[in-house]
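Following my numbering, the numbering of the sequence shown begins with 725 at its first residue and continues without gaps.
This report refers to the structure that appears directly beneath it.
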Amino acid sequence: GECIKFRVNGNNHQQEGDVIMKHETFLQNEKAQELAKLLAGSCEDLGDVQTLLKNLFKGTLEEMLESEMDEHLGYDKHSVAGNNTGNSRNGYNKKTLQSEFGEIPVSVPRDRKGEFDPKLIGKYQTKTDDLENRIIAMYAKGMSNRDIEDHLRDIYGVEASASLISRITDKILPAVMEWQSRPLDSIYPIVFLDGIVFKVRKDSRIINKCVYSVLGIDMEGKKDILGIWISENESASFWASVCNDLKNRGVTDILIACRDNLSGFSSAIAATFPRTEQQLCIIHQIRNSTKYVSYKDLKPLMADLKLVYGAPTLDDAEYRLEELAEKWDCKYPQIAKSWRENWTELSTYFKYPGEVRKLIYTTNAVEGFHRMLRKYTKTKTVYPTDEAVRKSVYLSIQEITKKWSMPIRDWGTIIGQLMIFFEERFNKTA
725 GECIKFRVNG
735 NNHQQEGDVI
745 MKHETFLQNE
755 KAQELAKLLA
765 GSCEDLGDVQ
775 TLLKNLFKGT
785 LEEMLESEMD
795 EHLGYDKHSV
805 AGNNTGNSRN
815 GYNKKTLQSE
825 FGEIPVSVPR
835 DRKGEFDPKL
845 IGKYQTKTDD
855 LENRIIAMYA
865 KGMSNRDIED
875 HLRDIYGVEA
885 SASLISRITD
895 KILPAVMEWQ
905 SRPLDSIYPI
915 VFLDGIVFKV
925 RKDSRIINKC
935 VYSVLGIDME
945 GKKDILGIWI
955 SENESASFWA
965 SVCNDLKNRG
975 VTDILIACRD
985 NLSGFSSAIA
995 ATFPRTEQQL
1005 CIIHQIRNST
1015 KYVSYKDLKP
1025 LMADLKLVYG
1035 APTLDDAEYR
1045 LEELAEKWDC
1055 KYPQIAKSWR
1065 ENWTELSTYF
1075 KYPGEVRKLI
1085 YTTNAVEGFH
1095 RMLRKYTKTK
1105 TVYPTDEAVR
1115 KSVYLSIQEI
1125 TKKWSMPIRD
1135 WGTIIGQLMI
1145 FFEERFNKTA
């Protein structure tokens, strides 16, 4: 009464608001106290609490459905205003909802014309959205379908089969396709390419499939995964489709592409982005060079290799490579040969200042992303389909990239130097 009287007679709107807020707070506290009394009086263990919460949730749902029916018909239940309106209530449909409180039987009101379509619970909905969101969140964190099934049973008392969980997570597939085909920036100063292997079932066999990721650094220096592509093998045609996909989504120029020695990629990117400079990963080249070196030779060989890739200039690096060949060719002739064969793309970074060199001489940026990806997917040892891989990787990407809000270190210096080296191409896109 005090609240209504004050609203009619009061002139100070700030005071009016304060009184209303105090009144609402009092009501909320009163409800909390009633619930606490109810819990204390009727619950002896957690099972009783779960049952009580389930009943409260059921009652709240049914009250909201009745309110929706009132809104639909235009009059309250049992009101004479509904006489001769041409439509009225016509009993209830029974529906069992899967919720975080377990299975809940709900009575959904219906009308004689069959026009009532509740917004709270869809016509074919059998699960609360909150439970679906929890399932997708658990899947994104790397839990397998079986783990999620056990978790729902143990914590929420909900029976959800692995196939049901799979169908729920399938609902994100349209979002995956939308993300994979989203428009991209017209120019990326630097992109990194690398792959990560997953085991997938195919024709009753388990095979290795590689998920290739393209990580781009945009003009603001922020990292972004431009897309993922799944393939059993590398080929020029596969990489041509990847490059054309990037081009069709709006990419017109890539300044520097940093990659492992991926088969067929060099020709594919040269055909699609002919002015892109390519830099092979020095770390991958070192690993390949030392793969078959005996342990006693490893340390002195690594010291000589460091003189090559750590040289201050291109001329000095080439001189050091010849020295390495003279010293080690008698024992490991394949090492210098491999460096010479790939020298054009191994030596790209020598033309740039130190900050740019440090960024592009290795694919560590995308490898770091793959390490995080493996962390999220390590519990899923074998995937049933490519789509399952795609779902898992996409959800992991959404988790990982939440932290990619800042530019990479020294980006202001790096982009300033790139603008000098690629001035014409920057002006063209300006």
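Ideal placement from N, C-alpha and C gives every residue a C-beta, glycine not left out.
Keep in mind that this is a model prediction, so the values were computed, not measured.
From the options, residue whose alpha carbon lies closest to that of residue i
i, options, result
"isoleucine 914", "Val966, Tyr1085, Asp969, Val1113", "Tyr1085"
"glutamate 787", "Gly798, Gly940, Pro842, Gly838", "Pro842"
"aspartate 969", "Gly783, Ile993, Asn957, Lys837", "Ile993"
"serine 812", "Leu1048, Tyr799, Ile859, Gln822", "Tyr799"
"glycine 919", "Cys982, Glu1148, Asp894, Arg1149", "Cys982"
"arginine 891", "Lys1082, Tyr863, Leu1045", "Tyr863"
"isoleucine 980", "Ile1007, Leu1070, Ser803", "Leu1070"
"threonine 996", "Leu939, Lys1020, Asp1053, Thr976", "Thr976"
"glycine 988", "Leu917, Leu1031, Asn972, Leu950", "Leu917"
"arginine 870", "Pro1131, Gln822, Thr1103", "Thr1103"
"aspartate 909", "Lys971, Pro998, Gln1002, Lys1030", "Lys971"
"valine 938", "Pro907, Arg929, Leu950", "Leu950"
"asparagine 932", "Val1117, Ile1139, Val921, Ile941", "Val921"
"leucine 1083", "Tyr1056, Ile1132, Gly974, Pro898", "Ile1132"
"leucine 785", "Ile845, Asp1021, Glu873", "Ile845"
"tryptophan 1067", "Pro1077, Pro898, Glu1046", "Glu1046"
"glycine 815", "Lys926, Gly838, Val804", "Gly838"
"asparagine 817", "Asn808, Asn807, Gly806, Pro829", "Pro829"
"proline 1077", "Ile1139, Ser887, Glu873, Asn957", "Ile1139"
"valine 1090", "Ile941, Glu873, Thr809, Ser887", "Ile941"
"serine 990", "Ile1007, Asn808, Cys967, Asn1088", "Cys967"
"arginine 906", "Leu888, Arg929, Ser885, Gly974", "Gly974"
"serine 1018", "Lys1055, Gln1003, Lys819", "Lys1055"
"lysine 926", "Phe1150, Glu1111, Lys1030", "Glu1111"
"arginine 1149", "Pro1057, Arg999, Gly806", "Arg999"
"leucine 821", "Gly806, Lys847, Ala805", "Lys847"
"lysine 819", "Lys782, Thr809, Val804", "Lys782"
"isoleucine 896", "Cys934, Ile930, Asn857", "Asn857"
Assumed close pair residue i, residue j - CB separation to whole angstroms, cut-off 8 Å
i, j, result
"tryptophan 1135", "glycine 945", "3 Å"
"glutamate 1123", "tyrosine 1100", "6 Å"
"isoleucine 954", "valine 1080", "About 32 Å separates the two Cβ atoms, so there is no contact after all."
"alanine 1041", "phenylalanine 1074", "6 Å"
"valine 924", "threonine 1109", "7 Å"
"threonine 893", "lysine 1126", "So it is not a contact: roughly 19 Å between Cβ atoms."
"leucine 1097", "serine 1120", "5 Å"
"leucine 717", "tryptophan 1052", "This structure gives no information on residue 717, because the portion of the chain shown stretches from 725 to 1154."
"phenylalanine 840", "histidine 802", "The Cβ separation is near 17 Å, so there is no contact."
"aspartate 1159", "cysteine 1005", "Any question about residue 1159 goes unanswered here, given that the chain covers just 725 to 1154."
"tyrosine 912", "isoleucine 860", "The pair is not a contact, with the Cβ atoms about 30 Å apart (cut-off 8 Å)."
"glutamate 1001", "threonine 1072", "5 Å"
"isoleucine 952", "valine 1117", "6 Å"
"serine 885", "glutamate 873", "7 Å"
Residue(s) in a DSSP beta bridge with residue i
i, result
"alanine 981", "Val915, Gln1002"
"arginine 1149", "According to DSSP, arginine 1149 bridges with nothing at all."
"glutamate 827", "Gln822"
"isoleucine 952", "Ser937"
"tyrosine 1107", "Val924"
"arginine 813", "Asp835"
"arginine 1114", "DSSP lists no partner for arginine 1114."
"isoleucine 931", "Val924"
"lysine 947", "Ile941"
heavy atom of the ligand COA below 6 Å from residue i C-beta
i, result
"glutamate 873", "What this structure holds is no ligand at all, so the ligand COA is not there to describe."
**Prompt:** With contact counted as at least three CB pairs below 8 Å, one residue from each stretch, are the region 828-848 and the region 789-805 in contact?
**Reply:** By the Cβ rule, the region 828-848 counts as touching the region 789-805, because three or more pairs are nearer than 8 Å.
**Asked** Does the region 954-962 come close enough to the region 1131-1147 that 3 or more CB-CB pairs lie under 8 Å?
**Response** The region 1131-1147 is not in contact with the region 954-962.
**Request:** Identify every run of the beta strand (DSSP E) within the region 998-1075, keeping only runs that are complete inside it and at least 3 residues long; order them along the chain.
**Result:** Restricted to the region 998-1075, the beta strand (DSSP E) segments that are unbroken, complete and at least 3 residues in length are 1001-1004, listed in chain order.
**Prompt:** Would you call the region 1063-1075 and the region 1004-1024 touching, i.e. three or more CB-CB distances under 8 Å?
**Reply:** Put simply, the region 1063-1075 touches the region 1004-1024. At least three CB pairs are less than 8 Å apart.
**Message:** When you compare the region 933-947 with the region 1023-1040, are there three or more beta-carbon pairs, one atom per stretch, that lie closer than 8 Å?
**Reply:** Of all C-beta pairs linking the region 933-947 to the region 1023-1040, fewer than three are shorter than 8 Å, placing the two stretches out of contact.
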